[in-house]
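Top to bottom, those sequences are chains A and B. Read left to right, the first sequence gives residues 1 to 231 (our numbering). Read left to right, the second sequence gives residues 1 to 222 (our numbering). Here a beta-carbon is modelled for each residue, glycine too, at the ideal position from N, C-alpha and C.
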Amino acid sequence: MTAPRLTPSRQAFATILAKDLRSELRTLQSLPAMALFAVTTFVIFRFGLDRTQLSGSLAAGVLWATLLFAALLGVNRLFVAEREEGGFDAIRLAPIDRSVLFAAKATALLAYLAVLELVVVPIFALFFLGSAAALGPLVAVLLLADLGIAATGTLISSMAVHSRARDLLGPLVLLPLIVPLMIAATGASEPLLAAGGPGYHRFGTWLAVLSLYDLIFLLLGYAVFDFLLED
Amino acid sequence: MTAAQATGEPALRLAGLRRDYGDRTVLDGIGLELGHGETLLVLGPNGAGKTTLLRILATLLRPSGGEVWAFGCALPDEAWKLRGRVGLLGHEPLLYRDLSGRENLRFHAHLHGLRGEAAEQRIAGLLAAVGMERRAEQRVAELSAGMRQRLAICRCVLHEPELLLLDEPDSNLDAEGRELARALIGPGEGRTRVVVSHDPERFEAEAQRVLRLEAGGKAVAA
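This is the structure:
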C-alpha cells in the first residue's frame, strides 16, 4: 500500500494561519468591528458612569467586560468562511492532523485580540486612567487572558458555527465557560489599576489561575477538536 | 503499482453499505466492486443518496453500517490513510471567495504537502490546462460559476489523487470547459473514478460499472 502522506503539522498550521490573516487583512471583517465596539463602549461607560477617572475593581470591570464582548464579535466570525465556503471539507480532505486547525484558528484569534488591545487599551487609559503606569504589567494579564479566550472561543465557535443560531449559541455557551477567566483577569488587573499607582496584591496568584485555565482549555481543544470535525 | 493492486484487491469494495440521517435511511445495502483505473457511474433521482455515497468515499461521512474498502483502507477506521489520495469535486467548489484562484490553489497545495517551486509549477500547469492563467489573480468572488468550476477541477487534481470523486463534473462548464476538464478528470491514465450524474448518456460510454440508485438509497442494478 502507498504510505500515507501526512503533511507536516508546522506547514499545515502556517498555511491555515496565513490564509486567515490574509483574508482578514483583505476584507477587514472582524478587527474594525471589534475595535469600534470597544471604543464605543468606553464612550458609553464614560458618559454612563459620569466619571473621567476609574480605578481598582471598577476600572478592571469596565476594561474586561468591554474586551470580552468585543472578542465575541471575532469569535462569532472565526469559522464562518470554513462553514460557508467549504473550508471544513477542504481541510478534512487534506492529510493533516486536524488539531492543527484548532491551533491555527486559536492563534489567529489571539492575533486579532492582540491588535485590538494595542489600539483600545491606550484609549481606555486615555479615557479613564490618570497615568499609563499600569499598562506595562497589564500586558502579562492581557496575554494570559487572551490565550484563554482564544482557546475557549475557538472551541465553542467550531461547534456553534454549524448551527443556524450561531450568533446566539456561541455567546450563550461561551460566556459561562469564560466566567472563571474573567474573575482571574479582573482579580489580577484590580491592584494594577488601583488609585495611586499599580500594586501587586495576589497578582501572582491570579496569573497562576489564568495560566491553569489556559492550559486546561488548550489541552481540551487539542483533545476533542478532531471529534468536533467529524460528521 | 500499489500493494492493493499487486494483491489483486479492487480499488473500491462496498458490502451492505448503509447510511442513515436520523430515522431516514439514505443508502441501504449497497454492494459493489470497482477495479483500479475503472470508472463507476452513479445514477439516480434527487435524494437517492448519490452525494452521500461520494462523501462516504471521500471520508467526510461515516457509514452507518456495512463495509467500505478504498485502496486497501477500511473506512472509517483507516480514513486517515486514504486522505490525500482522494480528489473530490462536489457541488461546492471549496474555494475561499476572498482569495484569488492562485492563492486558493496554493492554500490547497500546501495543505497537501506541496511547497515552493514544485507547488508553483504544478499550479501554473493546471491553470494553463483549464485556460485560467489570465484570471488566476482575480478573487474567486469575482469569477463566474464556470470559472469557479474550472478552478475547482484544478483543486481536485492538484495533489494527483488516485481516486477521483466527481459530482456532476460538467456543471456550469461550457463546451470548451468540458473539453479542457476532460484532460484532467476524464478517463484514462489509470484514474479510478466515481462519477455522479443525472445525464447517463454523457458518461455511460466511459464507465465500466454503473450503479443505479432509487429513492431511499437502494441499488436497482450494479
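CB contact below 9 Å: E38/B versus chain A: So, not an interface residue.
Within 9 Å, strictly: CB atoms of L166/B and G101/B: Cβ distance not < 9 Å, so L166/B and G101/B don't count as in contact.
Candidates R98/A, V173/A, A81/A: closest to A79/B by CA position: Answer by Cα proximity: R98/A.
4-residue-minimum alpha helix (DSSP H) runs that sit fully inside the stretch 162 to 200 of chain A, ordered along the chain: Taking 4 residues as the minimum length, the alpha helix (DSSP H) runs contained wholly in the stretch 162 to 200 of chain A are 166 to 192, in order along the chain.
Among R5/A, F217/A, L220/A, nearest to H110/B - alpha-carbon criterion: The shortest Cα separation from H110/B among R5/A, F217/A, L220/A belongs to R5/A.
Minimum length 3: unbroken beta strand (DSSP E) runs contained in the stretch 125 to 177 of chain B: Runs of the beta strand (DSSP E) inside the stretch 125 to 177 of chain B: 163 to 167.
Below-9 Å beta-carbon distance, W80/B vs any chain A residue: Yes - at least one Cβ of chain A is within 9 Å of the one on W80/B.
Short CB-CB distance (under 9 Å) between M1/A and chain B: Confidence at M1/A is low in this model, with a pLDDT of 46, below 50, so the placement of that residue should be treated as unreliable; the coordinate-derived value is given next. In terms of beta-carbon proximity, M1/A lines the interface with chain B, with at least one pair separated by less than 9 Å.
Alpha-carbon to alpha-carbon, R18/B and T25/B: Roughly 7 Å separates the two Cα atoms.
Among F128/A, A12/A, D20/A, the one whose alpha carbon lies nearest that of A195/A: Selected option, being the one with the closest Cα: F128/A.
Within chain A, partners of P10/B - CB distance below 8 Å: Chain A residues near P10/B: none, gap ~14 Å exceeds 8 Å.
Residue range of the unbroken alpha helix (DSSP H) whose run includes Y222/A: Per DSSP, Y222/A belongs to the alpha helix (DSSP H) from 203 to 228.
Residue(s) in a DSSP beta bridge with T25/B: The partner list for T25/B (beta bridge, DSSP) reads D20/B.
Span of the alpha helix (DSSP H) around G101/B: G101/B -> alpha helix (DSSP H) spans 101 to 111.
Residues of its chain near A136/B, where Cβ-Cβ distance is below 7 Å and the 5 sequence neighbours each way are ignored: Correct list, in chain order: S100, G101, R102, L127.
Residue span of the alpha helix (DSSP H) that contains G48/A, given as start and end: For G48/A, the enclosing alpha helix (DSSP H) covers residues 31 to 49.
Per-residue burial, N46/B [other beta carbons within 10 Å of its own, 16 or more giving buried]: Exposed: under 16 other Cβ atoms inside 10 Å.
Test: P93/B CB closer than 9 Å to a CB of chain A: For P93/B, the answer is yes, since a Cβ of chain A falls inside 9 Å of its Cβ.
Whole-angstrom C-beta distance between G187/A and W206/A, which should lie under 8 Å: Correct: roughly 4 Å between the Cβ atoms.
Short Cβ contact (9 Å threshold) for V141/A with S211/A: Not in contact: V141/A and S211/A (Cβ atoms no closer than 9 Å).
Beta-carbon proximity of A151/A to L218/A, cut-off 9 Å: Their beta carbons are under 9 Å apart, which means A151/A touches L218/A by this criterion.
Own chain residues within Cβ distance below 6 Å of L155/A, not counting five before or after: Answer for L155/A: G221, listed in chain order.
E92/B beta carbon less than 9 Å from that of E85/A: Yes, Cβ-Cβ distance for E85/A and E92/B is below 9 Å.
Segment contact, 8 Å Cβ cut-off, at least three pairs: the stretch 55 to 70 of chain A with the stretch 113 to 126 of chain A: As far as the Cβ criterion goes, the stretch 55 to 70 of chain A touches the stretch 113 to 126 of chain A, which means the pair count is three or higher.
Rounded C-alpha distance that separates G199/A from L36/A: Roughly 30 Å separates the two Cα atoms.
Reference L175/A; option with closest CA among A103/A, G153/A, A14/A: The alpha carbon of L175/A has as its nearest neighbour, out of A103/A, G153/A, A14/A, the alpha carbon of G153/A.
Local conformation of L25/A per DSSP, three classes: DSSP places L25/A within a helical segment (H, G or I) once states are collapsed to three.
Proximal residues, the stretch 76 to 92 of chain A versus chain B, C-beta separation under 8 Å: Answer set for the stretch 76 to 92 of chain A: A81, E85, G86, G87, D89, A90, I91, R92.
Residues of the stretch 175 to 206 of chain B with Cβ closer than 7 Å to any Cβ of chain A, in chain order: Residues of the stretch 175 to 206 of chain B that bring their beta carbon within less than 7 Å of a beta carbon in chain A are absent altogether.
Test: A128/B CB closer than 9 Å to a CB of chain A: Under the 9 Å criterion on CB atoms, A128/B is classed as non-interfacial with respect to chain A.
Alpha-carbon spacing of F102/A relative to F225/A, whole angstroms: F102/A and F225/A: Cα-Cα distance of roughly 7 Å.
Reduced DSSP secondary structure (H/G/I, E/B, other) of T59/B: Correct three-state label for T59/B: coil.
Chain C contact residues for G66/B, given Cβ-Cβ distances below 8 Å: Included in the structure are the protein chains A and B, with no chain C among them.
For L34/B: DSSP bridge partner residues: The partner list for L34/B (beta bridge, DSSP) reads L12/B.
Alpha-carbon to alpha-carbon, T66/A and F42/A: One C-alpha to the other measures close to 7 Å.
9 Å Cβ cutoff, A58/B in contact with chain A: For A58/B, a Cβ of chain A is located within less than 9 Å of the residue's own Cβ.
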